[in-house]
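All remarks here apply to the structure that follows.
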Amino acid sequence: MKSGATGKTGVLLVNLGTPDSPSVPHVRKYLREFLLDKRVLDIAAPSRYMLVNGVIAPFRAPKSAKIYAQLWTERGSPLLFHGLDLQRLVQERLGKDYHVAFGMRYQSPSIENALKELQEKVVDRIVVLPLFPQYASASTGSVQEKVMEIVSKWEVIPDLKFISTFCNHPGFIGTFAEIARAHMAKREYDHVVFSYHGLPERQILKASTKGYCQLGACCNTYHSRNRYCYRAQCFETSRQLAKALNIPEDKYTVSFQSRLGKDPWLQPYTDFILKDLAAAGVKSVLAFSPAFVADCLETTIEVGKEFKEEFEAAGGEHWQLVESLNTHPLWIDAVTQMVQEA
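Numbering (our numbering), first residue to last: 18 to 359.
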């Protein structure tokens, strides 16, 4: 809180979103809202509308619904209940001078309702924490735009503070490292894979300052010129995790998953890397998915199940996912610290 500030501080935690159920209609509705966001699918509006409504949503929804059904629990979507649990625990930790709300960028609970909750509490200031460690226009940027769009219509606009990236925050790194140590204590791993959600290369280049980005060695260090480059932040997170876990540089690989369409996305692709590792004689891999702070389809199913099956089919023997941060006590400490620092 600012020196001399009075009143209550609002905290808005935001994650990406999830269908209301694993049914095809709900998954189709979610995909439409998500992919019609101009920051996510950054093509001309008419083309985006036709592609999403005419091709992607109708044909992808049935397949995605089956995958979501594998993920669903008695409490529903893990991304949702982990978010609500995080909200409750951070609220307990911060105490009565704060009011913590949780919203999703797409679907429910909405950012609009979460902000309305904070408005009704008459908070003096709002700290917005998009739960994406690495900044990207399609994730953090979209949340920021939505928040500003909503708050701009209020008669009284409180102070706003956005936490735009925490890719190398000690609490974030420390929590992931602590979870990984439990697996590393049980066995030795030949190699470590840090797999991040992919983005089209064009989005990385568009965000580059004065053409600095070369999609290469420019990400070998992290500094002011590439602070908001998603790719640079992924490499920075990986370096910090490797340092925390004493993993030599030649024993880990940074890769990208979840690409869509034919345009080039960030490389190397994780599904290619795991086959290359198996072909090179690597038998055991410890896999991280550090673009996510809560387990979801991309961690549990894609990295934890599908990549495991592909690695073993290619000749590997053991593929272990490092679970996400979810509500680990160290992660609660880290979120609390980030809010207080803001």
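For glycine and all other residues, C-beta sits at the position ideal for the given N, C-alpha and C. Since this is a predicted model, take the numbers as computed values, not measurements.
Item	Value
If we ignore side chains and look at the alpha-carbon of each, how far apart do Lys25 and Leu53 end up?	35 Å
To the nearest angstrom, how far is the alpha carbon of Leu103 from that of Pro346?	10 Å
Identify the residues that DSSP records as bridge partners of Thr270: which are they?	Val210
Within 10 angstroms of the Cβ of Leu88, are there 16 or more other Cβ atoms? Answer buried if so, exposed if not.	buried
With distances taken between CB atoms, is the gap from Tyr245 to Tyr115 smaller than 9 Å?	no
Compute the distance between the beta-carbons of Phe324 and Gln274, then report whether it is under 9 Å.	yes
Counting only runs that start and end within the segment 288 to 328, where is the beta strand (DSSP E) found for 3 or more residues in a row?	301 to 305
In chain order, what residues of the same chain lie with their CB nearer than 7 Å to the CB of Gly21, ignoring the 5 residues before and after it?	Low local confidence applies: a pLDDT of 45 at Gly21 is under 50, so the model's placement there is unreliable, and no value is given.
How about Cys235 and Thr35: do their beta carbons lie closer than 9 Å?	no
What is the residue span of the beta strand (DSSP E) that Lys178 lies within?	Asp176 to Phe179
Looking only at its chain, what residues have a beta carbon closer than 7 Å to the beta carbon of Gly321, apart from the 5 residues adjacent to it on each side?	Leu338
In the structure shown, what three-state DSSP assignment does Pro150 receive?	coil
Does the Cβ of Met165 have 16 or more other Cβ atoms within 10 Å, making it buried, or fewer, making it exposed?	exposed
Compare the beta carbon distance of Ala351 and Thr192 with 9 Å and say whether it is the shorter of the two.	yes
What is the DSSP secondary structure of Ala224, counted as helix, strand or coil?	coil
Give the secondary structure of Leu29 by DSSP, where H, G and I count as helix, E and B as strand, and everything else as coil.	strand
Please report the straight-line C-alpha distance between Gly100 and Leu33, rounded to a whole angstrom.	10 Å
So for Tyr85, helix, strand or coil by DSSP?	helix
Excluding five sequence neighbours on each side, which residues of the same chain lie with their C-beta closer than 6 Å to the C-beta of Lys292?	Ala331
For Ala304, count neighbouring C-beta atoms within 10 Å of its own C-beta (all shown protein chains included) and say buried if the count is 16 or more, exposed if not.	buried
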